[in-house]
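Numbered according to the numbering used here, the sequence shown terminates at residue 511, and the numbering increases by one at each position without gaps. Presented below is the structure to which this report refers.
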Amino acid sequence: MRNWTLMVLILSISLLGMAEGENACMKTVPGDLDGDLVVSDEELDAARANQVAGNVSSEELEEIVHIQQSYPRTIIDGRGMEVTIYRPVERAVCTTPQQLETLRSIKVPKETIVGVPQDMERYSYLSEFADLPSIGHFYEFDLETILALEPDVVIVHPGPGPSGGFDELLSKLDASGLTVFRFRCNVPETYSEDVEKLGILFERGTEAREFLDFYEGVLGSVEDEVSEIPEDERPMVYCEYDVYKTSPSDVYPITMAGGRYIFEGAGPVREVDPEAVIAANPDVIIRLVSYDDFDAKAAGDYSRLKAAREEVMNKTELQGVKAVQEERVYAMAAPFWTYLPYCSCRYFVGIEQMAKWFHPGLFGDIDPVETHQRYLSEFQGLDYDLSERGAFVYPSSD
């Protein structure tokens, strides 16, 4: 009896400390009495006794029961590291726009987010987050600012970033005592897994599954058709993000859309020799365009995209290339790609669009604009009409 009374008393003290805000960074768990961050059966019984005694509210008991039944949760993040959480996440810091976009897709409430990457005011697409505290750039974030926000979890990019100091910064973040998860949220190779795990992390499993049914349905319909196309019937594709500058990250989306990238396996980001492009004689050329808020443009404002396409079409050295001769040169805005400034999780719309460009006879009936609109309305929850604003590909897919 004495031990039971002591346990009830400890629970009361624990709840008092919780009310004073001492549970930041998952250091305390409601209902946990012995400091192991886990609510045992005995501790749950103590909470119930405290509720009968009037020391614990029904809402507090409900929370303790939920934690006892659902936590701890261990998740393997995007770098293969096991990370454990001991109670529901109430405060999260995101370090990339794509993480914010993904959380919005699975209906994580905005009030859960307490810190965001810098320059959010430049992203009209994510304007609802612009008033939140900035933690700096994703690979040069301000650790002191993050600590001051007292987040339950911090979501970072797995790296490495363009500078050699990112791993060192991540090590300092890990050593800070914060709970850190690494998720890219911007590449098709791992996106479904990222979404599924974030659904577990934020208790949005149903919403994650609903979104993945849509997302995987879009890509699956493309992949099913592409899988039947013989290799020699897939167009050779050259893609550049700047004048004769390419990235190995271009290979995967182009392959998914049913193309063959002319520089596949050629190594890291590099400047290519125009003669190599001429020698490869690509069937299709894609010019990526970034450093602009394409979501803020009026529908039909293709000025930047058109100029980028014309730059390629008018290159003297490329006049003999098949893509130029047959006018199969296309410009695509960063939100439909994976690694550029202003890139987005909407690359799957870009893949659908490329499939239509690469194989018009096979994919003539698909409508990337309709896919994009459904994503914006149903999963992003935005009042965003593509007939009024947004310009992403040129020539348009109308």
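Heads up, the beta-carbon is just placed ideally off N, CA and C, and yes, glycines get one too. Note that the structure is predicted; figures quoted are calculated from it, not measured.
Residue pairing for Arg502: DSSP places it in a beta bridge opposite Ala411.
Here Val300 has Thr451 as same chain residues with Cβ atoms under 7 Å from its own Cβ, once five neighbours each way along the sequence are excluded. Within the same chain, Val142, Gly144, Asp145, Ile177, Ile180 and Gln181 come within 7 Å of Val152 by CB-CB distance, once the 5 residues on both sides are set aside. Note that the C-beta distance between Ala205 and Val266 is below 8 Å. Under the DSSP assignment, Met194 falls outside any beta strand (DSSP E); it carries neither an H nor an E label. Thr429 has its alpha-carbon roughly 13 Å from the corresponding atom of Ala436. Beta-bridge annotation (DSSP): Tyr443 is paired with Ile399. The beta carbon of Ser490 is closer than 8 Å to those of Tyr497 in its chain, skipping five residues each way along the sequence. Fewer than three beta-carbon pairs drawn from the region 311–328 and the region 369–384 are found closer than 8 Å, and the two stretches are therefore not classed as touching. In this structure, the CA atom of Pro210 is about 34 Å from the CA atom of Glu173. Distance from the CA atom of Leu245 to the CA atom of Val229, rounded to whole angstroms, is 6 Å.
The beta-bridge partner set that DSSP reports for Ala370 is empty. Excluding residues up to 5 positions away in sequence, Ile198 lie with their Cβ nearer than 6 Å to the Cβ of Arg186 in the same chain. The three-state reading of DSSP puts Val206 in strand, counting E and B together. Ranked by how close their Cα comes to the Cα of Gly433, the residues Ala412, Ala393 and Pro381 have Ala393 in first place. Sixteen is the threshold: since fewer than 16 other Cβ atoms of the shown chains lie within 10 Å of the Cβ of Met194, the residue is exposed. A direct Cα-to-Cα measurement between Leu475 and Asp396 gives close to 17 Å.
With a contact defined as Cβ atoms closer than 8 Å, Arg417 and Asp405 qualify at about 6 Å. With respect to the C-alpha of Val335, the residue from His472, Pro381 and Ala504 having the closest C-alpha is His472.
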